[in-house]
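Asker: If you scroll down you'll find the structure; I have some questions about it.
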Amino acid sequence: MTVVRTPASATPVRSRGSVPRELLVFAVIGIASTVLHLGGFVVLRTLLATPQVANAVALLVAAVANTWANRRWTFGIRGREGVARHQLQGLLVLALTLAMTSGGLALLARVAPGAPTWVETGVVAVTTVAATAVKYAAMRWWVFAPRDSRSPGAGPEAAGSAR
Numbered sequence: 002m003t004v005v006r007t008p009a010s011a012t013p014v015r016s017r018g019s020v021p022r023e024l025l026v027f028a029v030i031g032i033a034s035t036v037l038h039l040g041g042f043v044v045l046r047t048l049l050a051t052p053q054v055a056n057a058v059a060l061l062v063a064a065v066a067n068t069w070a071n072r073r074w075t076f077g078i079r080g081r082e083g084v085a086r087h088q089l090q091g092l093l094v095l096a097l098t099l100a101m102t103s104g105g106l107a108l109l110a111r112v113a114p115g116a117p118t119w120v121e122t123g124v125v126a127v128t129t130v131a132a133t134a135v136k137y138a139a140m141r142w143w144v145f146a147p148r149d150s151r152s153p154g155a156g157p158e159a160a161g162s163a164r
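For the sequence shown, the residue numbers in my numbering are 2 to 164.
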């Protein structure tokens, strides 16, 4: 992806990368984020009484880092413009993963009360992987979708960069 600045607005303009390249970079970032999430879960699980709190905190930290990395490397967006919106949208996408991982942990607690941390970690890993395809789609077509003057919700800065 190429980032070009227009002299009139200094708004970043980028070309879309190929889907295979995006998927590869997304996968690498996803693996790193999953390691961060699961590692944080294990550490927090030993410190906190509840797996739900450990999962939520570890997932939040991993999601912020994941959104930043995908913004920069998967979708080629640099600079500060749109950072707050991207992180907010990334947190909304996080809600999907949190719902799936929390649901998996709740189901595990129901069918196997007192399961060891390694089993809880496995459930978190499996449910995180299940949420990944939806997460990529949401990031590609919503969070980091190119905004131009023809897209709904495009602001005046987008119209200036579409010239």
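Where a beta carbon is used, it is the ideal one built from N, C-alpha and C, also for glycine.
Taking buried to mean at least 16 other C-beta atoms within 10 Å of its own C-beta, is A174 buried or exposed?
Answerer: An answer regarding residue 174 cannot be provided, because it is not within the stretch 2 to 164 covered by the chain.
Asker: Looking only at its own chain, which residues have a Cβ that is under 6 Å from the Cβ of R141, when we skip the five neighbours before and after it?
Answerer: No residues qualify anywhere along the chain.
Asker: Would you tell me roughly how many angstroms separate the C-alpha atoms of H87 and A146, rounded to the nearest one?
Answerer: Going by the C-alpha atoms only, they are around 10 Å apart.
Asker: Quick one: grab the DSSP three-state call for F76.
Answerer: Three-state DSSP puts F76 in coil, outside helix and strand.
Asker: Could you check what DSSP says for A146 in three-state terms: helix, strand or coil?
Answerer: Three-state DSSP puts A146 in coil, outside helix and strand.
Asker: If we count the other Cβ atoms within 10 Å of its Cβ and call it buried at 16 or more, is A134 buried or exposed?
Answerer: Classification for A134: exposed.
Asker: Between V94 and A139, is the Cβ-Cβ spacing less than 8 Å?
Answerer: Yes, these two residues count as a Cβ contact at 8 Å.
Asker: Check this for me: beta carbons of A57 and L49, under 8 Å apart or not?
Answerer: In this structure, L49 does not lie closer than 8 Å to A57 by Cβ.
Asker: Apart from the five residues just before and just after V127, which ones in its own chain have a Cβ nearer than 8 Å to its Cβ?
Answerer: Cβ within range, chain order: G105.
Asker: Is it true that the CB of A66 sits closer than 8 Å to the CB of L37?
Answerer: Yes.
Asker: Pull up the distance between the alpha-carbon of Q90 and that of L39, whole angstroms please.
Answerer: Cα to Cα, Q90 sits roughly 22 Å from L39.
Asker: Nearest by alpha-carbon distance to V144: which of G83, V112 and L60 is it?
Answerer: Out of G83, V112 and L60, G83 has the C-alpha closest to the C-alpha of V144.
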